[in-house]
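Q: Here the sequence shown is numbered in the numbering used here, starting from 86 and rising by one per residue.
Note that CB positions come from ideal geometry on N, CA and C, so glycine has one too.
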Amino acid sequence: MNYKKIIQFILLSFCISWASALAMKLCNIPYGSMTSLVIIAICYMGGPAIATFFLQKFVYKESFAGYGWTIAHRKKIWFLNTPLTFIALIGTTLGVIALLGNTGIVTQFGRIDMSYEHFSKQLTTLYLESNGMSDIKIPAVSPALILIIILLGGIIGGSTLNLPVMFGEEFGWRGLMLAETRKMGFLKSNMLIGFVWGIWHAPIIMMGHNYPHHPITGIAMMCMMTMAIAPVFAWLRIRSRSILDVCMLHGMINSTATVFSLYIADGHEMYASIAGWAGVLAGAVLTVCICIFDKPFVKNYAVPEYM
């Protein structure tokens, strides 16, 4: 392993991303404003990709091929498997909430409520009123049908508009970091990637991203979540043979991040979402499934020529 290269990547990507967050702070740009969204999408989220490009092109002068910089060898079936992986992750997250929340085992998970009354109340309170559209009448459509439409929209959005933004992150995490740490083995490699990925979010977490009421403990929660889902992302990246698929998956998740607030009642923000304990447990479940049902992948994870 090239430890020097890994450390250089971490330091450079953090410097680029965190500097953009500092600039927002110094310029009094509020988180959630259009200006902040543009800065985060281009400068903050682009940090890992910029660091990867600079190191590989100008410092080490090596090819990008090992980082998934190609679709030439991409298996066509992954156009289907990537959305299915997304549905599996969202479905398992909702399943965790139903199992632990709806049964009352862990009340912080809240409960899944698919009623029209709850859906319309949440939509009006969280989105319409805050955007000055409280007079809009919500059509009497099945919330379950709307959920399906939201997920389909997330698949489309993650595969199109969100794709270049997610590349800014994934070319670093599932490009350079994954390739350079594969010799550690499946779990150790992804625990390291997940931890670094989580800590990288720290400045925007403190601004209110994902956990607005827990800006400090939210950093630890983000690390738990990214460490839990990193193995799933790695499996998708290597099995598909392209960085494109994890960019799509990441974009799909980000496109539908607010869906949980519409369908979950009385849930705690640190529990009842894909960014909370529900997502952590869902990622752990899928990781166990990979270890059980794709043993050749886990066994040969450290062998680049295998995939």
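Ile240 by DSSP, collapsed to three states: which one?
A: To locate residue 240, count along the sequence shown from 1; it is residue 155. Ile240 falls in the helix class under three-state DSSP.
Q: Leaving aside the five residues before and after Ile375 along the sequence, list all residues of the same chain whose C-beta is less than 6 angstroms from its C-beta, in chain order.
A: Here the question's residue 375 lines up with position 290 in the sequence shown. Closer than 6 angstroms at Cβ, skipping near neighbours: Trp320.
Q: Is the region 165 to 181 close to the region 369 to 384, with three or more CB pairs under 8 angstroms?
A: Touching, yes, given that three or more Cβ pairs across the two stretches are closer than 8 angstroms.
Q: If you draw a straight line from the alpha carbon of Ile301 to that of Trp362, how long is it in whole angstroms?
A: Position 216 of the sequence shown, counted from the first residue, corresponds to residue 301. Position 277 of the sequence shown, counted from the first residue, corresponds to residue 362. The straight-line gap from Cα to Cα measures roughly 16 angstroms.
Q: Is Gly474 near His353, with beta carbons less than 8 angstroms apart?
A: Limits of the chain in this structure are 86 at one end and 392 at the other, which puts residue 474 out of reach.
Q: So the alpha helix (DSSP H) Phe382 belongs to, where does it begin and stop?
A: Numbered from 1 along the sequence shown, position 297 holds the residue referred to as residue 382. Unbroken alpha helix (DSSP H) run through Phe382: Lys380 to Lys384.
Q: Does the Cβ of Ala229 have 16 or more other Cβ atoms within 10 Å, making it buried, or fewer, making it exposed?
A: If you number the sequence shown from 1, residue 229 lands on position 144. Ala229 comes out exposed.
Q: Do you know how far the Cα of Tyr88 is from the Cα of Ser205?
A: As a working mapping, residue 205 is identified with position 120 in the sequence shown. As a working mapping, residue 88 is identified with position 3 in the sequence shown. Their backbone Cα atoms lie some 52 angstroms apart in a straight line.
Q: In its own chain, which residues sit with a C-beta less than 7 angstroms from the C-beta of Gln93, not counting the 5 before and 5 after it?
A: The residue labelled residue 93 in the question sits at position 8 within the sequence shown. Correct list, in chain order: Leu140.
Q: Is DSSP giving Arg326 helix, strand or coil here?
A: Here the question's residue 326 lines up with position 241 in the sequence shown. Arg326: coil per DSSP, three-state reduction.
Q: Assign Gly243 to buried or exposed, taking buried as 16 or more other Cβ atoms, counted over all protein chains shown, within 10 Å of its Cβ.
A: Within the sequence shown, numbered from 1, the residue matching residue 243 stands at position 158. Buried, since its Cβ has 16 or more Cβ neighbours within 10 Å.
Q: Tell me which same chain residues have a C-beta within less than 7 angstroms of the C-beta of Ala387, skipping the five on either side of it?
A: Within the sequence shown, the letter at position 302 stands for residue 387. If we look at Ala387 and ignore the five residues flanking it on each side, its Cβ neighbours are Arg267, Lys268 and Gly270.
Q: Could you check where the alpha helix (DSSP H) with Ala287 kicks off and where it finishes?
A: Along the sequence shown, read from residue 1 onward, the residue named residue 287 stands at position 202. Unbroken alpha helix (DSSP H) run through Ala287: Ala287 to Met292.
Q: In chain order, what residues of the same chain lie with their CB nearer than 7 angstroms to the CB of Leu366, ignoring the 5 residues before and after it?
A: Within the sequence shown, the letter at position 281 stands for residue 366. Excluding sequence neighbours, Leu366 sits near Val181.
Q: Beta-carbon within less than 8 angstroms of Ile328's beta-carbon, same chain only, minus the 5 sequence neighbours each way: which residues are those?
A: As a working mapping, residue 328 is identified with position 243 in the sequence shown. Hits under 8 angstroms: Tyr152, Gly153, Trp154, Phe252, Glu255, Phe256, Arg259, Gly260 and Arg322.
Q: Rounded to whole angstroms, what's the CA-CA distance from Leu347 to Ile162? Just pull it up for me.
A: Numbered from its first residue, the sequence shown carries residue 347 at position 262. Numbered from its first residue, the sequence shown carries residue 162 at position 77. Going by the C-alpha atoms only, they are around 32 angstroms apart.
Q: Just the Cα atoms here: how many angstroms apart are Ile290 and Ile101?
A: Here residue 290 refers to the residue found at position 205 of the sequence shown. Here residue 101 refers to the residue found at position 16 of the sequence shown. About 17 angstroms.
Q: Residues in the same chain with beta-carbon distance under 7 angstroms from Ile278, minus the five sequence neighbours each way, listed in chain order, please.
A: As a working note, residue 278 is residue 193 in the sequence shown. Counting only Cβ-Cβ distances below 7 angstroms, and skipping sequence neighbours, we find Trp258, Met262, Leu263, Thr266 and Ala315.
Q: Just how far apart, CA to CA, sit Thr170 and Ala106?
A: Within the sequence shown, the letter at position 85 stands for residue 170. Within the sequence shown, the letter at position 21 stands for residue 106. Using only the alpha carbons, I get a separation of about 31 angstroms.
Q: Pull up the CB-CB distance for Thr343 and Gly239, whole angstroms please, since I reckon it's below 8 angstroms.
A: Working through the sequence shown from its first residue, we reach residue 343 at position 258. Working through the sequence shown from its first residue, we reach residue 239 at position 154. Their Cβ separation, rounded to whole angstroms, is 10 angstroms, which puts Thr343 and Gly239 out of contact at 8 angstroms.
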